[in-house]
Amino acid sequence: MIELDLFPTLEIGWLNGWILVCLFYLIYGVFLMTFPKAVRAKLFYYDRFSWSKKQRVFYAIGKVSVLFYLVLIIFSPIKIGTVVFMPGIILFLLGLVGFIIALSNFKNMPPNHPTIKGLYRISRHPQIHMLFISGLGICIAIGSWLALFILIISKYFSHYRTIAEEEACLKQYGDLYRAYMKRVPRYFQFKTYLK
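Counting the sequence shown from 1 gives a position; this note's numbering is that position plus 16.
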């Protein structure tokens, strides 16, 4: 059985969860530098003015919960040599590789076209889901139920940001995106891909 602690021991150390966070964002940042400027703009453009009040509030709550999550994992030691270490690292790496693949799919689409190829054929938001899988791996590698709980809360609130992004894509791409939404689920459903 995988043993997770409700409250991890918080300490400053070289072998804490911050290593995995830094590794993730270092690889992400280096890969992002290979993107053309127009594609980077498309990746980070959010029309938050059209979001409802609920979407904005939930987005802010999600950001605060991510901040708590980051503080918790930065000061939590990785449980090297325990039963939780390898499953956590495997999930972390799976999420990281999937995130880079999803970014690559995004990068290779024309800027005036929605991304609908690669992992985007099985999920409308594979970057967000792969980021969650990496975060889940970190929670397991540090052995913390609290970090997992906070991650799930942030995922719940990010759902509303996802809906707002889809509404923006519908405005921008119209029927092309509407048809894509009918074909591809918001969350992963492999049976859709296998048809």
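Virtual Cβ for every residue (Gly too), placed ideally from N, Cα, C. Predicted model, so just to flag it, every value in this text is computed and none were measured.
| Asked | Found |
| --- | --- |
| Per-residue DSSP class, three states only, for Pro130 | coil |
| Three-state secondary structure assigned by DSSP to Ser160 | strand |
| Classification of Leu36 by the beta-carbon crowding that lies within 10 angstroms, buried from 16 upward | buried |
| Supposed close pair Thr98, Gly159 - CB separation, criterion 8 Å | 7 Å |
| Nearest-angstrom beta carbon gap, Ala118 and Ser135 [assumed within contact, 8 Å] | Per the sequence shown, the amino acid found at residue 135 is Leu instead of Ser. Right, the Cβ-Cβ distance comes to about 5 Å (below 8 Å), so this counts as a contact. |
| Rounded separation between Thr25 and Tyr203 - CA only | 34 Å |
| Every unbroken alpha helix (DSSP H) within the segment 74 to 130, with a cutoff of 4 residues, ordered by chain | 101 to 123 |
| Closest by C-alpha distance to Pro130, when choosing among Asp191, Gly104 and Pro52 | Asp191 |
| Status (buried if at least 16 other CB within 10 Å, exposed otherwise) for Phe74 | buried |
| C-beta contact flag for Val100 and Ile156 at 9 Å | yes |
| Own chain residues within Cβ distance below 7 Å of Leu186, not counting five before or after | Tyr193 and Arg194 |
| Chain-order list of residues whose beta-carbon lies under 6 Å from that of Phe148 (same chain, five-residue window excluded) | Lys171 |
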